[in-house]
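Everything in the sequence shown is counted per this note's numbering, starting at 160 for the first residue and increasing by one.
Cβ coordinates follow ideal geometry from the N, Cα and C atoms, glycine included.
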Amino acid sequence: MRHIPHTSRIFIVLLIITLLLTYIVITLSYYQEQRNFDYSSITNKPGSHAQPLSNIDTKDWKNYQDRAYPIAFSYPDNWIVSSKLTGDFYDILLNIPKTNADIHIYISENSFYGLDGLKQEPYQLRGLKGTIVNNNLIGIKTGEYYYTFDASLNSTQLDEFHALMQTATFE
Numbered sequence: 160m161r162h163i164p165h166t167s168r169i170f171i172v173l174l175i176i177t178l179l180l181t182y183i184v185i186t187l188s189y190y191q192e193q194r195n196f197d198y199s200s201i202t203n204k205p206g207s208h209a210q211p212l213s214n215i216d217t218k219d220w221k222n223y224q225d226r227a228y229p230i231a232f233s234y235p236d237n238w239i240v241s242s243k244l245t246g247d248f249y250d251i252l253l254n255i256p257k258t259n260a261d262i263h264i265y266i267s268e269n270s271f272y273g274l275d276g277l278k279q280e281p282y283q284l285r286g287l288k289g290t291i292v293n294n295n296l297i298g299i300k301t302g303e304y305y306y307t308f309d310a311s312l313n314s315t316q317l318d319e320f321h322a323l324m325q326t327a328t329f330e
């Protein structure tokens, strides 16, 4: 067995360290890019801020009319609806059985819920002005109220979420 010269060993160690550091930098930049991904690009093409449409038939859905705020919508028969005042926001919670998914509709007289600091695009729901962060987080301002529709990171009920929004009225 031959002896590896000292300078060759140093070169090999430096090469390995360089490769490891390159791998770490590439991996970190990839994860940073994923964290900063513009989710609004999924729903909005430049110049298009229309509501994402759903092909779900809602005629057999239950109707909900809130007693405290001017909002009504339809929702699937098996979902459970509740509401409560949480700080400065009124929270309508739609619990979806047999899933870890919930949908919230936050209502406030002051601002949208949780949208501050997020990249937002203009959005319209049947002529009402609002803002969209991504397919799961949409704000509508009508009258004196701000309505934030939040399906969190729930992608399994996204069609139902958009169908629910299509049935929403604010009177």
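Query	Result
Following the continuous alpha helix (DSSP H) through threonine 326, name the residue where it begins and the one where it ends.	317-326
If distances are taken between C-alpha atoms only, which option among Glu303, Gly302 and Gly276 comes closest to isoleucine 291?	Gly276
Could you check what DSSP says for glycine 206 in three-state terms: helix, strand or coil?	Only weak support is given to the placement of glycine 206: the predicted model assigns it a pLDDT of 43, under 50, and the question is left unresolved by the model.
With DSSP run on the structure shown, which of helix, strand or coil describes alanine 310?	coil
Whole-angstrom Cβ separation of isoleucine 299 and leucine 287, contact assumed at under 8 Å?	5 Å
For alanine 227, does the count of other Cβ atoms within 10 angstroms reach 16, so buried, or fall short, so exposed?	exposed
Quick check on glycine 302: buried or exposed, where buried means 16 or more other Cβ atoms within 10 Å of its Cβ?	exposed
Under 6 Å Cβ to Cβ from phenylalanine 329, same chain only, skipping five residues before and after it: list those, please.	Pro229, Ile230 and Thr301
Counting pairs of beta carbons, one from the segment 212-226 and one from the segment 268-285, are three or more of them closer than 8 Å?	no
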